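Numbering (my numbering), first residue to last: 864 to 1160.
For each residue, glycine too, the CB sits at the ideal point set by N, CA and C.
As the structure is a computational prediction, the values presented were derived from the model and not from experiment.
#1: Helix or strand or just coil, what does DSSP make of residue 940?
#2: Going along the chain, which residues of its own chain have a beta-carbon closer than 8 Å to the beta-carbon of residue 886, five neighbours each way excluded?
#3: Nearest to residue 1102 by CA position, among 1063, 1014 and 1064, is which residue?
#4: Spell out the partners DSSP gives residue 977 in its beta bridges.
#5: With H, G and I counted as helix, E and B as strand and the rest as coil, what does DSSP make of residue 1107?
#6: State the DSSP-derived secondary structure class of residue 1153, mapped to helix, strand or coil.
#7: For residue 1022, write down the residues that DSSP places opposite it in a beta bridge.
#8: Indicate whether the contact test is met: 3 or more Cβ pairs, each with one atom in the segment 1102-1120 and one in the segment 990-1000, closer than 8 Å.
#9: From what residue to what residue does the beta strand (DSSP E) around residue 1082 run?
#10: According to the Cβ coordinates, are residue 1037 and residue 1094 closer than 7 Å?
#11: Do residue 1146 and residue 945 have their beta-carbon atoms positioned less than 7 Å apart in this structure?
#12: How do the segment 1120-1134 and the segment 1007-1026 stand: do at least 3 beta-carbon pairs fall below 8 Å, yes or no?
#13: Under DSSP, the beta strand (DSSP E) around residue 1008 begins and ends at which residues?
#14: Buried or exposed, going by whether 16 or more other CB atoms sit within 10 Å of the CB of residue 1176?
#15: Are the beta-carbon atoms belonging to residue 1075 and residue 1104 less than 7 Å from one another?
#16: Report the start-end ranges of each beta strand (DSSP E) in the segment 867-915 that is 3 residues or longer and not cut off at the edges.
#17: Smallest Cα separation from residue 1092: which of 989, 967 and 1065?
#18: DSSP three-state call for residue 957: helix, strand or coil?
#19: To the nearest angstrom, how far is the alpha carbon of residue 1135 from that of residue 1090?
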């Protein structure tokens, strides 16, 4: 086992990678099994008050593992190292089970055995990308709405960068309409792709010259696209422009040979948002669990 604050093998998942963490945290620690890295790997960022987080300013981070044989020893090593460094507490935002279906349960059991508590378990949803058309995944209502918006001659744009405030304004309008917090500033929104080029892309649906739905596509790794900061104008709810945006994402993923689209969580701190969950189910999404663990020294 080994750890480093600077040099480490690169992780498979974006949110564990040095590229990502260097933009979001001043101090990082990388844990890895030298014989198995990056197949046994976990990264942490210090967030203040001697608290360390795996998955800082990210939907998840957590342990990456393809072989559970060394898990218990690996987690014990992480605990001992963090405790010696003066850590008061540790949070691990583990990736959804769909990322590591063969080892997720082993990771859960090993963390619990090593004294971590399950703080909450969220419902994550994802779409598998295959040769089937996106429309084939939809229920009848969503098919009708997709046909309806296509009859209005929409335009779809996928951009590497943006310089207009209308993209963030729509995101804020959509969040406020749903009484959701606005979790990012206008400057941060526009700077995503500037700070990490090749990782973020902006996608939007226009009707005539009006932006009616948008999202950010995040390239998590060669297999997974993540649907981030999705928004739609409530005045166009009858035609569900987000469904068209998701179709564009699905077809993009097909062309680029991605295997999965991660649609993110449909719960907050373990409490299910039934409307959001049902919307994703109606476009063919499948559920998986996304667990958050804590340990206090």
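According to the structure data:
#1: The count along the chain shown starts at 1 and reaches residue 940 at position 77. Here residue 940 sits in helix by DSSP.
#2: In the chain shown, the residue the question calls residue 886 occupies position 23. Excluding residues within five positions, the ones whose Cβ falls inside 8 Å are 1058 and 1059.
#3: For the purposes of this step, residue 1102 is identified with residue 239 of the chain shown, where counting begins at 1. When only C-alpha atoms are compared, the closest one is 1014.
#4: Here residue 977 refers to the residue found at position 114 of the chain shown. BP columns for residue 977 are empty, so no partner.
#5: Against the chain shown, residue 1107 aligns to sequence position 244. Reduced to three states, the DSSP call for residue 1107 is helix.
#6: The residue labelled residue 1153 in the question sits at position 290 within the chain shown. In this structure, residue 1153 counts as strand in the three-state DSSP scheme.
#7: In the chain shown, residue 1022 corresponds to position 159, counting from 1. Looking at the DSSP assignment, residue 1022 forms a beta bridge with 1065.
#8: yes
#9: Within the chain shown, residue 1082 is the residue found at index 219, counting from 1. First-last of the beta strand (DSSP E) with residue 1082: 1073-1082.
#10: The residue labelled residue 1037 in the question sits at position 174 within the chain shown. The residue labelled residue 1094 in the question sits at position 231 within the chain shown. In contact: residue 1037 and residue 1094 (Cβ atoms closer than 7 Å).
#11: Numbered from its first residue, the chain shown carries residue 945 at position 82. Numbered from its first residue, the chain shown carries residue 1146 at position 283. Their beta carbons are not under 7 Å apart, which means residue 945 does not touch residue 1146 by this criterion.
#12: no
#13: If you number the chain shown from 1, residue 1008 lands on position 145. No beta strand (DSSP E) contains residue 1008, which is instead part of the alpha helix (DSSP H) from 1003-1013.
#14: A query on residue 1176 cannot be resolved here, the shown segment of the chain reaching from 864 to 1160 and no further.
#15: Taking the first residue of the chain shown as position 1, residue 1075 is located at position 212. Taking the first residue of the chain shown as position 1, residue 1104 is located at position 241. In contact: residue 1075 and residue 1104 (Cβ atoms closer than 7 Å).
#16: 891-895 and 903-909
#17: In the chain shown, counting from the first residue as 1, residue 1092 sits at position 229. Comparing Cα positions, the closest option is 1065.
#18: The residue you call residue 957 lines up with position 94 of the chain shown. Here residue 957 sits in strand by DSSP.
#19: Walking along the chain shown from the start, residue 1135 turns up at place 272. Walking along the chain shown from the start, residue 1090 turns up at place 227. Rounded to the nearest angstrom, the two C-alpha atoms are 18 Å apart.
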